[in-house]
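Residue numbers for the sequence shown follow the numbering used here, beginning at 39 and rising by one. One structure is given below, encoded as structure tokens.
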Amino acid sequence: MSNKIAKKSFSDLRVLLVDDIDSNRIVVINILRRFSMKIETASNGFEAIDQLKKNDFDIILMDLAMPEMDGVTATRIIRKEFDLPKRDIPIIALTASLVQESTDRVFEAGMNVCISKPVASKELLEIIGKFTGAVQEISPAVNSRTGSEYYPVDDMIDLTYLFEVARGDDQFAAELIENFISNTPPILKTIKQKLEQEDIEGCRKSCHKLKPVLSYMGLKQITPIFAKFHENLQRDQVNLRGELLILNKLEELISEAISRLQKIKLQLISNEK
């Protein structure tokens, strides 16, 4: 779908970010605010449609898997029921899983392009420029007070992504780490409860909340184990006992990671003072 508009700068853009997960919103907002974009948020498709009825936007960044109404359904409604020019607004799909089935659904619904999570700053900004016609100003300077030594890379953890997306903003990095520390144990608890209740669909939905935050924290030991756990949940017959054993191992490793990340967070906070 074409969206030919007069040239404008990134700082003129009005963006609607639709995602139900705090950490995803924190990351994307941090990228966009460096260029002074105006950002509104929604946590599901219903809220996105309501926002679009009330306000004008230049582009929508839309998660696919959300409660109440997913991104694909919301996009179909926008494309079919809204009047021009809102009907043709660029809609960028944000997804943690770029499998063929999901991309087919995305384009059939009328989304313009898919971006995989964790979101890469360069890719996101290039796509926003392409679909809005906006000109990207000179990238804001990186805060050089903090070096990469405060973002360790070793056998347990790889904070390369966090270092790159933070661009020296230690307060942002500490906020994202705190989000992981605070939110991950309750998500794990819910996953275990759903599994013990044999609520496989509920377990899958809870896993959706955990997948991106593991990527943001670069938890090298945990990510492949969680991927296997999640893959097993997609089977017609789920081995509950086997999944509980894997989940127990995940809880142990995540507890160790949280202890490590807590120390890193405190160091980053002290750097900001």
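Glycine included, every Cβ here is placed at the ideal spot set by N, Cα and C.
Asked, Found
"Under 8 Å between C-beta atoms of M75 and V56", "no"
"Element boundaries [alpha helix (DSSP H), containing M255]", "238-255"
"S182, DSSP secondary structure in three states", "The predicted position of S182 is uncertain, since its pLDDT is 49 and thus under 50; a value taken from the coordinates is nonetheless stated next. Reduced to three states, the DSSP call for S182 is coil."
"Alpha carbon of S293 to alpha carbon of I302, nearest angstrom", "15 Å"
"Runs of beta strand (DSSP E) lying entirely within the stretch 90-177, each at least 3 residues, in chain order", "97-101, 129-133, 151-154"
"Exposure label - G280; buried when at least 16 CB within 10 Å", "exposed"
"Same chain only: Cβ atoms within 8 Å of Y199, ignoring 5 sequence neighbours per side", "P156, S253, Y254, G256"
"Strand pairing of E78, partner residues [DSSP]", "L54"
"Which of helix, strand or coil DSSP assigns to V191", "strand"
"Alpha-carbon spacing of N82 relative to R242, whole angstroms", "18 Å"
"Nearest residue (CA-CA) to D196, options Q259, P223, V173", "Q259"
"Beta-carbon gap between F210 and N309 smaller than 8 Å", "no"
"CB contact flag (I127, I97, <8 Å)", "yes"
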